[in-house]
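Comments concern the structure below.
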Amino acid sequence: MLSKLTETIRTHGARAFIALELMVLLVLATQIARLVWIVAAPPPPLSVKVAPVQRAVDPSILATFDAFGSAGASSRVGGAASVEGFRLFGVRQTDGGGSAIIAGPDGVQKSYAVGESIADGVTLASVAADHVELSRAGARMTLSFPERP
104 MLSKLTETIR THGARAFIAL ELMVLLVLAT QIARLVWIVA APPPPLSVKV APVQRAVDPS
164 ILATFDAFGS AGASSRVGGA ASVEGFRLFG VRQTDGGGSA IIAGPDGVQK SYAVGESIAD
224 GVTLASVAAD HVELSRAGAR MTLSFPERP
């Protein structure tokens with residue numbers, strides 16, 4: 104029985120070795136074909152880098168921009184006019200009074216609601232579409248946007 108098994112392995116072993124050689128030759132031929140393709144194929148087209156196009160900025164868009172994000176509220180954003188060192192940068196009107204962006208004598212801009220203290224003894228009394236009223240010791244002063252040319 105052992106001799107029959109040995110004979111079968113010798114007969115089929117030779118066929119298996121031939122099949123293995125054919126598979127190795129097929130893989131080798133595939134690799135050679137890939138190498139030829141890499142060398143012989145034309146190079147891919149070069150991509151041209153294009154500088155991004157910069158559009159001109161339209162500053163008039165700021166006149167319609169609602170800096171406070173309130174739909175339906177009247178707002179205006181503009182330059183600055185000063186009254187006793189205060190400068191008005193933006194207003195927002197609402198049914199509840201509104202708010203304004205005002206810079207104090209130190210130049211720092213901050214948003215204030217009606218009734219808030221802006222500086223010692225100075226409070227924001229009211230907000231209109233084109234100005235605000237400040238109250239100091241009961242006296243009111245008007246802080247307006249500058250006239251547009």
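Heads up: the sequence shown is residues 104 to 252, going by our numbering. Just so you know, even glycine gets a beta-carbon here, dropped at the ideal spot from N, CA and C.
- Taking 3 residues as the minimum length, the beta strand (DSSP E) runs contained wholly in the segment 185-234 are 189-196, 202-206, 212-216, 220-222, 225-230, in order along the chain.
- By the C-beta density criterion, V156 is exposed, having fewer than 16 other C-beta atoms within 10 angstroms.
- Counting of Cβ neighbours within 10 angstroms places A119 among the exposed residues, the total staying below 16.
- In this structure, the alpha-carbon of R158 lies about 21 angstroms from that of V151.
- With a 10 Å radius around the Cβ and a threshold of 16 neighbouring Cβ atoms, S106 comes out exposed.
- Secondary structure of A117 (DSSP, three-state): helix.
- A216 and G200 do touch by the CB rule: their CB atoms are close to 7 angstroms apart, below 8 angstroms.
- With fewer than 16 neighbouring CB atoms inside 10 Å of its own CB, L125 falls in the exposed class.
- G218 places its beta carbon 8 angstroms or farther from that of A203.
- Cβ atoms of L246 and V235 come within 8 angstroms of each other, at about 5 angstroms.
- DSSP places A144 in no beta strand (DSSP E); its state is neither H nor E.
- Contact annotation: R243 and V225 have beta-carbon atoms that are not nearer than 8 angstroms.
- Counting other Cβ atoms within 10 Å of its Cβ, Q134 stays below 16 and is therefore classed as exposed.
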